[in-house]
Structure formats: structure tokens, C-alpha cells
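> This is the structure, below, for whatever I ask next.
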Amino acid sequence: MLTTLLFDLDGTLLPFDLDSFMSGYFERLTPHLQGYVHSDELAPWILGAMRRVVESEVPHLTNMDKFRRALFDNDSEKEAQIWPIFEAFYDSSFQELQDLTSPTNIAREICRTAYDKGYQLVLATNPIFPKVATQSRMCWARLEETWFKLVTTMENSHYCKPNPKYFLEILDALDLAPNECMMIGNDVQEDGVAGHVGIPTFLVTDDLIDRQLGTFHFEHQGTREDVLRFVKRLPTRV
450 MLTTLLFDLD GTLLPFDLDS FMSGYFERLT PHLQGYVHSD ELAPWILGAM
500 RRVVESEVPH LTNMDKFRRA LFDNDSEKEA QIWPIFEAFY DSSFQELQDL
550 TSPTNIAREI CRTAYDKGYQ LVLATNPIFP KVATQSRMCW ARLEETWFKL
600 VTTMENSHYC KPNPKYFLEI LDALDLAPNE CMMIGNDVQE DGVAGHVGIP
650 TFLVTDDLID RQLGTFHFEH QGTREDVLRF VKRLPTRV
């Protein structure tokens with residue numbers, strides 16, 4: 450019986466073009482790290498660290514621990530100098546990236562409807578950003594944090610999509626069986642892999658991302674309007 454809906458955030462509940470968003474991210478971060486990292490080296494440095502986090506199978510380190518180790522390679526002095534700059538960036542210039550997103554009331558209505566019907570919600574956004582950045586993006590999408598039983602972030606996650614262990618960790622944290630859940634997202638590979646652990650999936654075709662890597666089965670496909678219609682048809686659990 451379906452009890453829990455897992456939602457991706459970026460491109461699903463918060464529409465935006467990923468390439469434009471990441472370009473804006475690095476453009477705004479660069480001035481903050483002037484004097485520490487050359488502008489031409491910034492994106493490869495951060496993207497390389499993110500890739501190491503995504504590929505990591507180390508179970509006892511959070512994604513935050515992995516990211517900081519990947520960035521600073523155990524250079525505690527460098528970390529002490531630079532990490533506070535990252536934290537200040539998320540409180541300041543990162544907020545300007547809201548202009549690169551296109552919030553939709555449909556996303557808010559989907560989540561509110563499901564929550565009001567008694568379903569448990571999980572914001573299953575890829576945990577490659579710290580909590581503060583995830584909370585900001587939730588705010589831009591007009592989502593209430595209280596609707597979600599769990600929001601995956603760098604601080605509380607040990608794996609990333611498309612590693613199936615990311616979804617297994619969610620199931621374990623909430624003591625759920627796969628068939629109690631449904632993953633709803635716009636990324637064929639990152640969200641579709643939930644099916645590999647037995648979680649039914651709904652592919653959101655707005656802002657679709659498909660890297661043409663492997664074949665994934667989706668029980669449902671459609672636009673955000675289709676997701677809303679699907680949620681409205683669900684039986685009330687309250």
C-alpha cells in the first residue's frame with residue numbers, strides 16, 4: 450500500500466535549466482574565492498569533488514565529510530580558511546540564483562494535496578548541497594519544510610543518486626518497504642534507479658533529463674499537471 454511519496458526537487462518541484470543554474474552558481478561563487486582559487490580552476494575543482502562524493506561507497510562518512518575531504522585533501526589550514534567562505538556564500542550570493550528558477554504553484558499544490566491526504570513526503574533531492582542551500586531552494590519552490598518527514602542533504606546522507614544505496618538509506622531511515630513508496634522525478638537515470646530497489650517510479654517529463662545511459666522502467670510518466678491529477682486521485686489516508 451502506498452504511504453510515502455519521494456519527490457526530487459531540482460527540475461521537478463523547482464523548474465530550472467540545470468546548465469544555466471550551475472553556470473550562475475560558479476559565476477557568483479568565483480568572486481568569493483578570489484585569492485584562493487583561480488577562476489578557471491574553480492568549476493573543475495568543485496565538480497571534481499562532487500563527482501568523488503557521488504562515486505563514493507564509504508558508508509561511515511556523510512556526503513558533507515566526503516565533499517570537504519575531496520576539496521581540501523585533509524589540508525586543515527586550507528579548509529579553515531576557505532570553508533567559512535562557502536558558508537557565507539550560501540547565505541548571500543547563492544540567494545541570487547532564485548532568479549534562474551521558475552517556481553510553479555502546481556508543485557506546491559502537489560505536495561500540499563498529498564500531505565493533506567495523509568501521505569508521508571520525502572524531499573529526495575540529490576544530497577550534493579548543504580542543508581542551507583536545500584532549504585533556500587525549497588523556499589524558492591514555495592514548499593513548507595513541515596510537509597516533509599525527511600529532506601536529504603549533504604549532512605544527513607551517505608550516498609548520492611544514481612547509487613541505489615541512496616534509496617535504501619531512505620527506506621532504512623523511515624522503516625519503509627519499497628512498495629510503500631513512489632519516487633517522482635524528472636531525471637531518467639538518477640530517479641529511475643529507485644526502481645532497482647523496488648520503488649515504483651513516476652517520470653516527470655517537464656524539464657526532462659536523460660543521459661541515454663541504460664534502460665529504466667517507469668510505472669507512470671507525465672507532466673506536473675499529470676502528477677497533480679495522480680495525487681488528487683489517491684485515496685485519503687487521514
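The numbering of the sequence shown is my numbering, which starts it at 450 and goes up by one.
Positions of the beta carbon are idealized from the N, C-alpha and C atoms, including for glycine.
#1: Ignore the nearest five residues each way along the sequence and tell me which others in T562's own chain have a CB closer than 8 Å to its CB.
#2: Checking the sheet assignment: what are the DSSP bridge partners for A567?
#3: My guess is that H487 and F538 are in contact by the Cβ rule of under 8 Å, so how many angstroms apart are they, rounded?
#4: Does DSSP put F456 in a helix, in a strand, or in coil?
#5: How many angstroms separate the CA atom of Q458 from the CA atom of Q661?
#6: Could you name the residues of the same chain whose beta carbon sits closer than 8 Å to that of E629, not counting the 5 residues immediately before and after it, in chain order?
#7: Run through DSSP, which three-state label would H666 get?
#8: In its own chain, which residues sit with a C-beta less than 7 Å from the C-beta of K598, not counting the 5 before and 5 after it?
#9: Going by the DSSP bridge assignment, what does T550 pair with across the sheet?
#10: Let me make sure I understand the geometry here. Which of G567, R673 and G663 has the alpha-carbon closest to that of L683?
#11: Quick check: the Cα distance between Y608 and Y615, rounded to an integer number of angstroms?
#12: Under 8 Å: do the segment 544-552 and the segment 459-471 share three or more Cβ pairs, one atom per stretch?
#13: What separation, rounded to the nearest whole angstrom, lies between the Cα atoms of D489 and H666?
#14: How far does the alpha helix (DSSP H) with C609 in it extend, from its first residue to its last?
#15: I need the straight-line Cα distance from L510 to L491, nearest angstrom please.
#16: Looking at the structure shown, is F578 part of a helix, part of a strand, or coil, going by DSSP?
#17: Does the segment 471-481 come close enough to the segment 522-539 to have 3 or more Cβ pairs within less than 8 Å?
#18: Does G634 come out as helix, strand or coil in the three-state DSSP assignment?
#19: Over the uninterrupted beta strand (DSSP E) stretch that includes L652, give me the two end residues.
#20: What residue does the beta strand (DSSP E) around S600 start on, and which one ends it?
Here's the rundown:
#1: L677, V680 and K681
#2: A small correction: the amino acid at residue 567 is Gly; Ala does not occupy that position in the sequence shown. Answer by DSSP bridge pairing: none, since G567 is not bridged.
#3: Going by Cβ atoms, the distance from H487 to F538 rounds to 17 Å, so no, they are not a contact pair.
#4: When secondary structure is reduced to three states using DSSP, F456 falls in the strand class.
#5: The sequence as given places Leu at residue 458; Gln does not occur at that position. Taking the straight line joining both Cα atoms gives about 21 Å.
#6: M450, L451, T452 and T453
#7: coil
#8: Q569, L570, V571 and L623
#9: According to DSSP, T550 shares a beta bridge with F465.
#10: G567
#11: Approximately 5 Å, taken between the alpha carbons.
#12: yes
#13: 40 Å
#14: Careful: C609 lies outside any alpha helix (DSSP H) and carries neither H nor E.
#15: 24 Å
#16: coil
#17: yes
#18: strand
#19: T650 to V653
#20: Residue identity differs from the one stated: residue 600 is Val in this sequence, not Ser. Per DSSP, V600 belongs to the beta strand (DSSP E) from F597 to V600.
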